[in-house]
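S.K.: Just passing along the structure, written as structure tokens.
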DNA sequence: AACCAGGACGTGA
DNA sequence: TCACGTCATGGT
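Numbering (my numbering), first residue to last: 26 to 242.
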């Protein structure tokens, strides 16, 4: 039963690696294991949204460099990023690659959150933004807005294909529904958020340590 | 020196 | 829907 594998792998990974403390934020110098009170400010929330765009198909170390540059430019608020010169913005995020696309994506998102203010965006609203696909939307919803959407990324697909849960070619929503259906009965409310956040982070940790693709467990 | 990294989008079957 | 090319830098 695929659901049992999904259910049982979480405590195993948690035992193996311990809490990961995602999403990394510059305010707490990166990760914050066992502290689920983040983000604490609108600025930190926006930093997560920016990071979610910048990390697309890109190593997180490259994103840290870019976020550092943006922070020094004081551009980590919607209004400030909107006012940022395009060339300056591209130079700041250069390390993350795709800087022509990503600079435009960031401005689109900045405009959206500038209008959105403190309101929690819907998944549909996020998906309408250029540069925000399903994974990025769910990352923003789960880590910036504490909404129960399990993030399905390349690591998740790889790990659970090896565990026999997937074939590997299923659509995003099919894979996500398997996680939701398996985990929803066990975890409710704030605990569900916590588990979705930790589980995804643990999957990434596990996949990174077995990057040749031969994890068993 | 290929190959991959916490994907999304446009296009043509 | 689905497969494929494109976008681009940085580390191994």
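Virtual Cβ for every residue (Gly too), placed ideally from N, Cα, C. It should be emphasised that the depicted structure is a prediction, and the values quoted were computed from it without experimental measurement.
Can we say the stretch 144 to 152 touches the stretch 178 to 186, given the rule of at least three CB pairs closer than 8 angstroms?
M.R.: In short, these stretches do not touch, since the Cβ pair count stays below three.
S.K.: At what residues does the alpha helix (DSSP H) containing residue 140 begin and finish?
M.R.: Element bounds for residue 140: 124 to 141.
S.K.: Rounded to the nearest angstrom, what separates residue 98 and residue 70 at their Cα positions?
M.R.: Cα-Cα distance, rounded: 18 angstroms.
S.K.: Should residue 81 be labelled buried (16 or more other beta-carbon atoms within 10 Å of its own) or exposed?
M.R.: Buried is the call here.
S.K.: Are the stretch 149 to 169 and the stretch 125 to 137 touching by the rule of at least three beta carbon pairs closer than 8 angstroms?
M.R.: Output reads yes: the stretch 125 to 137 touches the stretch 149 to 169.
S.K.: Is the beta carbon of residue 121 closer than 7 angstroms to that of residue 79?
M.R.: For residue 79 and residue 121, yes; Cβs fall inside 7 angstroms.
S.K.: Could you tell me the boundaries of the alpha helix (DSSP H) in which residue 43 lies?
M.R.: Residue 43 -> no alpha helix (DSSP H), and no H or E assigned at all.
S.K.: For the putative contact between residue 176 and residue 225, defined by C-beta atoms under 8 angstroms, what is the C-beta separation to the nearest angstrom?
M.R.: So it is a contact: roughly 5 angstroms between Cβ atoms.
S.K.: Leaving out five residues before and five after residue 52 in sequence, what residues of the same chain have Cβ atoms less than 6 angstroms from its Cβ?
M.R.: So the list reads 69, once near-sequence residues are dropped.
S.K.: Taking the alpha-carbon positions, what's the residue 197 to residue 181 distance?
M.R.: Cα to Cα, the separation comes out at about 11 angstroms.
S.K.: Residue 61 lies in the alpha helix (DSSP H); which residues open and close that run?
M.R.: It is not in any alpha helix (DSSP H) - residue 61 carries neither H nor E in the DSSP assignment.
S.K.: Do you know how far the Cα of residue 173 is from the Cα of residue 221?
M.R.: For residue 221 and residue 173, the distance between alpha carbons rounds to 7 angstroms.
S.K.: Just how far apart, CA to CA, sit residue 114 and residue 44?
M.R.: Cα-Cα distance, rounded: 34 angstroms.
S.K.: Residue 101 by DSSP, collapsed to three states: which one?
M.R.: Of the three classes helix, strand and coil, the one that applies to residue 101 here is coil, per DSSP.
S.K.: Measuring straight from C-alpha to C-alpha, what distance separates residue 235 and residue 168?
M.R.: Answer to the nearest angstrom: the Cα atoms are 25 angstroms apart.
S.K.: Please classify residue 58 as buried or exposed, where buried requires at least 16 other C-beta atoms within 10 Å of its C-beta.
M.R.: By the 10 Å Cβ count, residue 58 comes out exposed.
S.K.: Using 8 angstroms as the cut-off, can you tell me whether the stretch 26 to 46 makes contact with the stretch 205 to 216, which would need three or more C-beta pairs spanning the two stretches below that distance?
M.R.: With the cut-off at 8 angstroms, the stretch 26 to 46 and the stretch 205 to 216 touch.
S.K.: By Cβ distance, which residues of its chain are closer than 6 angstroms to residue 87, with the 5 residues on each side in sequence left out?
M.R.: Taken in chain order, the residues that qualify are 120 and 121.
S.K.: Let me know the secondary structure DSSP gives residue 50 once reduced to three states.
M.R.: Residue state, collapsed to three classes: strand.
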